[in-house]
Amino acid sequence: MLGLPSCRDVSYELSREYMQGASARRSWRVRAHLLICGACRRYEQYLAWMRDNVRRAADNAASARLSHAQRERIRQTLHEQLD
Amino acid sequence: MDTGSQRRLESDRWLDRHGDALYRYALARLGNSDAAQDMVQETLLAAWQGRSGFKGASSERTWLLGICRHKVSDYLRQSGHFAPSTAYNDLEMGMDAEFFTTAGAWRHPPDAWTPAPLDEIEAEGFWNALQACLAQLPEAQREGFVLQTLNGVEPVDVSRLLHVSMNHLYVLLHRARLRLRQCLDTHWFGGK
Chain L
3 MLGLPSCRDV
13 SYELSREYMQ
23 GASARRSWRV
33 RAHLLICGAC
43 RRYEQYLAWM
53 RDNVRRAADN
63 AASARLSHAQ
73 RERIRQTLHE
83 QLD
Chain W
12 MDTGSQRRLE
22 SDRWLDRHGD
32 ALYRYALARL
42 GNSDAAQDMV
52 QETLLAAWQG
62 RSGFKGASSE
72 RTWLLGICRH
82 KVSDYLRQSG
92 HFAPSTAYND
102 LEMGMDAEFF
112 TTAGAWRHPP
122 DAWTPAPLDE
132 IEAEGFWNAL
142 QACLAQLPEA
152 QREGFVLQTL
162 NGVEPVDVSR
172 LLHVSMNHLY
182 VLLHRARLRL
192 RQCLDTHWFG
202 GK
């Protein structure tokens with residue numbers, strides 16, 4: 003693609019960028035690839051959506067958290083063991 | 012000398028601040044809520060016994076997750092399941108061919124979709140889909156994703172916990188995200 007990086011390379015760079023957060027810098031070659039590649043732009047949307055929503059789901063889904071009963075059971079056991 | 016109430020206070024604080032993160036980590040590795048609950052309990056007990064070893068080089072949560080990781084590995088070993096060694100070595104050579112052509116183009120380009128934030132009602136459904144998809148990942152990829160993306164552990168701390176280099180971690184997480192996208196396309200995004 004005009005000497006630009008492939009989708010394989012760009013998807014890796016995007017993944018790394020999303021992990022590095024604000025400190026990440028995007029090269030002009032990746033920018034240029036994204037301008038002409040809808041598939042990689044959609045992949046970037048997916049990465050951003052996952053970054054913004056995975057933890058939100060974990061915070062809001064009841065089955066992703068200790069239930070009140072589980073938490074109290076653990077608390078009780080810890081108190082007994084630590085006394 | 013610690014009094015009983017001091018001990019209770021500290022363990023309560025850990026449970027309230029980090030209990031859910033420890034539970035999610037253990038649940039993702041064990042797939043069993045009761046066993047995950049036991050791991051949280053054992054982790055906090057072990058943390059109390061070894062609290063003098065916490066020097067603050069990493070965050071309290073990272074330290075507790077490190078203890079939980081050992082507890083889960085011990086549990087898996089004792090129950091006859093595979094437990095990863097301290098160093099992962101599953102770079103899955105050749106996996107790229109599953110997702111990209113030899114020229115580096117997508118084999119199955121991401122579908123067009125309109126991203127919208129999850130609302131509270133959708134959270135449970137998405138969480139269940141994510142759990143099912145995480146269960147299909149190789150162990151190292153699942154563990155890296157749960158620590159970094161789900162529990163917000165800094166990448167440098169994840170690399171220390173997993174005993175892998177940063178570059179290795181980038182590759183693990185990149186592959187985890189590729190696999191999750193494929194799975195979630197079927198089990199979540201595609202069905203919406």
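Protein chains in written order, with our numbering: chain L, 3 to 85; chain W, 12 to 203. Using N, Cα and C, we set each Cβ at its ideal position, and we do this for glycine too.
Rounded to the nearest whole angstrom, the C-alpha separation of W:GLY163 and W:ALA114 is 34 Å. Look at L:SER65: its C-beta is under 9 Å from a C-beta on chain W. About 5 Å separates the beta carbons of L:GLN72 and W:GLN48, which is inside the 8 Å limit, making them a contact pair. Two segments are said to touch when three or more pairs of C-beta atoms, one from each, lie closer than 8 Å; by this definition the segment 32-48 of chain L does not touch the segment 134-153 of chain W. The C-alpha of L:TYR20 is placed about 28 Å away from the C-alpha of W:HIS81. Scanning chain L for C-beta atoms nearer than 7 Å to the C-beta of W:ARG19 yields HIS81 and LEU84, reported in chain order.
Taking the C-beta atoms as reference points, W:LEU180 is found nearer than 9 Å to W:GLY155.
Between L:ASP61 and L:ARG53, the C-beta spacing is not below 9 Å. Between L:ALA59 and chain W, the shortest Cβ-Cβ separation is below 9 Å.
The C-alpha of L:CYS9 lies about 39 Å from the C-alpha of W:ILE78. Among the residues of the segment 35-47 of chain L, those with a Cβ less than 7 Å away from any Cβ of chain W are ALA41, ARG44, TYR45 and GLN47, in the order of the chain. At a cut-off of 9 Å, the C-beta of W:HIS179 has no neighbouring C-beta in chain L. Remark: C-beta atoms of W:LEU158 and W:LEU172 approach each other more closely than 9 Å. A Cβ-Cβ contact shorter than 9 Å links W:LEU161 with W:ALA39.
For L:ARG75, at least one C-beta of chain W is nearer than 9 Å to its own C-beta.
Beyond the five residues adjoining it in sequence on each side, L:VAL32 comes within less than 6 Å, by CB distance, of VAL12 and GLU15 in the same chain, given in chain order. Of the other Cβ atoms in all chains shown, 16 or more fall within 10 Å of the Cβ of W:GLU53; this residue is therefore buried. Unbroken alpha helix (DSSP H) stretches of 4 residues or longer found wholly inside the segment 147-178 of chain W: 150-156 and 166-173, given in chain order.
Take the alpha-carbon of W:ARG28 and the one of L:SER25: they are about 27 Å apart. Of the candidates W:GLY42, W:GLY67, W:TRP74 and W:SER44, the residue whose Cα lies closest to the Cα of W:ALA57 is W:TRP74.
For a cut-off of 8 Å, the C-beta gap from W:ASP23 to L:ARG77 is around 6 Å, short enough to register as a contact.
It is roughly 12 Å from the alpha-carbon of L:GLN22 to the alpha-carbon of W:LEU184. Judged by DSSP in its simplified three-state form, W:TRP199 adopts coil rather than helix or strand. By the C-beta density criterion, W:ALA123 is exposed, having fewer than 16 other C-beta atoms within 10 angstroms. Here W:ARG118 has PHE110, PHE111 and THR112 as same chain residues with Cβ atoms under 7 Å from its own Cβ, once five neighbours each way along the sequence are excluded.
Between L:ALA63 and W:PRO126, the C-beta gap is not smaller than 9 Å, which leaves the two residues out of contact. Not flagged as an interface residue toward chain W: L:SER29, since no C-beta distance is shorter than 9 Å.
A Cβ-Cβ separation of about 16 Å leaves L:SER65 out of contact with W:TRP199 under the 8 Å criterion.
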